[in-house]
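See structure below.
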């Protein structure tokens, strides 16, 4: 090939203003516009574009051409009349559409022009005419369906300018009492009401960003509580006086927060939200350091790209957690575990809480409204891959994903219109060793700390934590009682209820019954180990707030779950067990045995009497009872703090015994083997055990294609 | 091709002096007879044969074509048919004082010196579906079948069943789908099953070049010598080692057919000197190579930068290949710091770039999902309704950085900088034809960066088409009876044209085409400007 340089050719460049492209076609453009006005399909967009030409004489020629047409649809007619009130033929045609009976008293051109103007040129409406008896007569006589179609642009959510509001109000008033109420009148009233609210709140809304930014100066940057407070303030301001009062509160909010003054607000919902703001300020003060530095460092990537505001807190959190692991992990001989790092260790736990708090909203930026948890989990993994980080056991990822779940949980709890009133059962059997603090906090202290962090944002929320020891020696209960836990929003109760016939189920059912009896409205249970972080209980609560939900499972097996299983997922036997439960009890849940569930007390009151199983398989009995009593069983994905070890099984369950229990539950809940097939259960029975059935090669039955004739 | 030019015998009437070359019923037969003696390696005997049918000034003009070898560039390449009016016919018309009919006859005679393969076009009716197919040519499907397949193209225009798609860059001839370059922003992805970014999207199962060229020739939307072609433009990367043999074979096939269509290859890859030599050996095909570089982070655009830029420098030195520096994709927040902008211009300056095209990132809503899945930073404004990833402010900063980097170069010797690829391709070729997408209808939007005055002149002089041509084209998209207004501003088609139909019409007419509504908006904008 030729290697000599090929020079850049000399080219002359002129300013665009000197381009011949700008200097020709003037007359041709006008002729084309007139041609289109004469012959093009007169759809509103085309007519609107043509009427936007105001230069003379082009505008006159276009208007004349349009006025001569007899095929303009209603909206195009109105556009023409509004822009060119002198368009006689069009005005007559519009009048004809509005008043099919041309002899009707009130049928007039001026009303037709005014209605067209009201929609498309409201500033030109004649107020004096709106106030006249002639207008009122016409308003009452006009075809309401045609009027509604004509006024659609201002009735369907558009912003009403002052003159448009005046005109619409005059129209609605003129018709009121004179003619039967039509859809037009309802739509008009709605539009006026919507507009009134907008106007009343306009000044307040204009102050939103500044107010939240000012408040964030006193909350270490946390903004979710402030945003919710401001929204409640805005929703409450229904009159100009209320809006003025709300605006004054907004303007003084940062000062009130800084001086810990009560802002003297009479509205209960707003007062409650203000408590949350003050709680955020307290939380901000108590936070460990490091966030601001991480936030600043997370502005750009190494290649100079800027992280989007919705991603930046995730990156800052990732860096904080990764640096913590790097700086604290000691020996490769002592494999670290997520539950140790992010739950039992107070420093790691505090760091996770710090990250989670800022994920709920830092300077109004949060990833939570923009992305699903499944996508956030994928982002965390993708980020780790791109960074080529070698962090032991991906501890930072477990931490970040648990922080994401905790953040969504806390945000959901904070957004509720009423405070949470929780009752949580923790069954125990021979678990005193978990309640002994050695290098880190004991399990009870951890659970109180996790729950305390969750409730901290809502000072009006409370929880009962009921630990039930069902072993006969009472060692777990004694160990629990020996721990000094104190939290203003959490009451810890330790109960000893020896029961040799129970395996967890008895303790849980008894505890739920006690807490429901004590008036708690949301009930939950979880295990004493640290696999299920209580920070995530808000996910359950949010799901319970959906209509009809009677139970929520904190699933380890959903696409947005994380941490419990290795990347390959649960074993075939686990899935087979789940399918058998589905067969027998018609429960569509992915994880019926998960040890982290919640219920509304109302659902439990009808479901608990229907349960009888106190064994390890009690979960499915309770879920079936909830479903049988007419409720939905929902699931949320949780991030378990669990270190999967290949081949290791944390609890030596006898799944065949449990499955037999599920079969008995099914019969009790109405399974009729003659009328409903249970192929998975049958397959397990045929194989002799769950393990044997899971080991069988799977086969696919091919349906034979019908023979060709 | 440089063998002595001889004059074949046409035999029989029409006789000298009769208006055989002029517009009229006889043209079809004349074309057939002139074409029968066409030798692609030496088209001048056809011109000499046409001289036998001409007289006076027209004959002298044709004689000049032969004497001056005016169908070829000095490098030996054929002058593309589309550029003949500007580069040959206009000068001869002036020199020999040809009237309009004579000039038209000259154009017809010269069209006879080009090959017309495929289902569309003859020298007498270049835009019409053929009534008689070339001997030995069998389309791989009927026009109706291909049109039906075209109607199944997705909203992005990609026809995954026929693999020939009408795009703004031209007719995209795609051999298959798949690219291993792993650009995160790739807009051609395969949903949840295959993920290009994760490197699992290997190009496999690609069509053979012969099949692709046959599909092109059978397509009723493909016009010989007029339709811009993009090779692998929509679904892969033309210069991947795995695809290069197919790319090169397809180019050779098009060249051997005598087609002078513009062909574009867009690349983030590279070619060896030997491969560049191959491209330089093309005689008919009017190739342009568009090398993308925008300093995009490598985590987002992994193809090797250094190798790509060395390739850009080498191929820009080719005397025969049109090369555009593609400054794209630009995405707010990802590659728009001042340092990014200066670096890109300095890189282009070091490479001696002549023509640069700017382009923002095409960023669909589902890209948010994939960028998040990959753990990558999102462009700024990803959540803004009607998002624009190359804002006016950034465009101004880009041009300010350009001025800074080229401060010591005289303005007339600095590169052209265009907003549209089609404009860049016209400018790089010497501004002989208007922008083939008709962007000059909105000059304040499209022509405001650094488009040479010569291109402004050419675009401003674009002539409205004749009705017969428009009718031929409308028939090819199944709208033979659509109402049309041909004006000096635009061609208005009173029908609900799809964006792809409109592109097809514009690229053939080299003139703006609008629906009635679009035309109203256009003139409203221009009159009130």
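Protein chains in written order, with this note's numbering: chain A, -11 to 697; chain B, 555 to 1083. For each residue, glycine too, the CB sits at the ideal point set by N, CA and C.
Within chain A, no residue has its beta carbon less than 7 Å from that of residue 605 of chain B; the closest one is some 35 Å off. Take residue 651 of chain A, set aside five residues on each side of it, and the residues of its chain with a beta-carbon closer than 7 Å to its own are 572 and 669, in chain order. A Cβ-Cβ contact shorter than 8 Å links residue 346 of chain A with residue 210 of chain A. Linking residue 348 of chain A to residue 354 of chain A through their CA atoms gives a straight-line distance of about 6 Å. The beta-carbon of residue 994 of chain B is placed less than 8 Å from the nearest beta-carbon of chain A.
For residue 38 of chain A, the nearest beta carbon of chain B is closer than 8 Å to its own beta carbon. Nearest CB-CB separation between residue 1052 of chain B and chain A: not below the 8 Å threshold.
Shown here, residue 880 of chain B sits in a strand according to DSSP, grouped into three states.
For the stretch 872 to 886 of chain B, the set of residues with a beta-carbon nearer than 7 Å to any beta-carbon of chain A comprises 872 and 873, in chain order. Proximity of chain B to residue 18 of chain A at the Cβ level (cut-off 8 Å) is accounted for by 1077 and 1081, in chain order. Rounded to whole angstroms, residue 104 of chain A and residue 69 of chain A show a C-alpha spacing of 6 Å. Burial state of residue 967 of chain B is exposed, judged by a 10 Å Cβ sphere holding fewer than 16 other Cβ atoms. Inside the stretch 928 to 959 of chain B, DSSP marks no whole beta strand (DSSP E) run of 3 or more residues. The DSSP-derived three-state label of residue 832 of chain B is helix. Assignment of beta-bridge partners to residue 707 of chain B by DSSP yields no partner. Taking a Cβ-Cβ threshold of 8 Å, the residues of chain A close to residue 966 of chain B are -2, -1, 0 and 1, in chain order. At a cut-off of 8 Å between C-beta atoms, residue 717 of chain B does not count as an interface residue with respect to chain A.
With respect to chain B, the C-beta atom of residue 393 of chain A has no partner C-beta closer than 8 Å.
Neighbourhood of residue 1039 of chain B in chain A, by CB distance below 7 Å: 23, in chain order.
Comparing alpha carbon positions, the residue from A:464, A:508 and A:57 closest to residue 479 of chain A is A:508.
Beta-bridge pairing by DSSP links residue 586 of chain A to A:512 and A:540.
In the structure shown, the three-state DSSP call for residue 591 of chain A is helix.
As DSSP reads the structure, residue 288 of chain A sits in a beta bridge with A:294. Closest in C-alpha terms to residue 708 of chain B, from the list B:878, B:742 and B:587, comes B:742. The stretch 471 to 496 of chain A is shown to contain whole beta strand (DSSP E) runs of 3 or more residues at 478 to 484, in chain order.
Interface with chain B (8 Å Cβ-Cβ cutoff): residue 8 of chain A is included. A direct Cα-to-Cα measurement between residue 1049 of chain B and residue 400 of chain A gives close to 52 Å. Contact annotation for residue 41 of chain A against chain B: 1078, 1081 and 1082 [CB-CB distance below 7 Å, chain order]. With distances taken between CA atoms, residue 95 of chain A lies nearest to A:82 out of A:278, A:106 and A:82.
For residue 1013 of chain B, the chain A residues whose C-beta falls within less than 7 Å of its own C-beta are 9, listed in chain order. When 7 Å is used as the limit between beta carbons, residue 34 of chain A is near these residues of chain B: 1070, 1071 and 1074, in chain order. Here DSSP, grouped into helix, strand and coil, assigns residue 69 of chain A to helix. Put simply, the stretch 794 to 813 of chain B touches the stretch 755 to 764 of chain B. At least three CB pairs are less than 8 Å apart.
Within the same chain, and ignoring the five residues on either side of residue 887 of chain B in sequence, the residues whose Cβ sits closer than 6 Å to its Cβ are 933 and 934. Taking a 10 Å sphere around the C-beta of residue 667 of chain A, we find fewer than 16 other C-beta atoms and assign the residue as exposed. Taking the C-beta atoms as reference points, residue 86 of chain A is found nearer than 8 Å to residue 100 of chain A.
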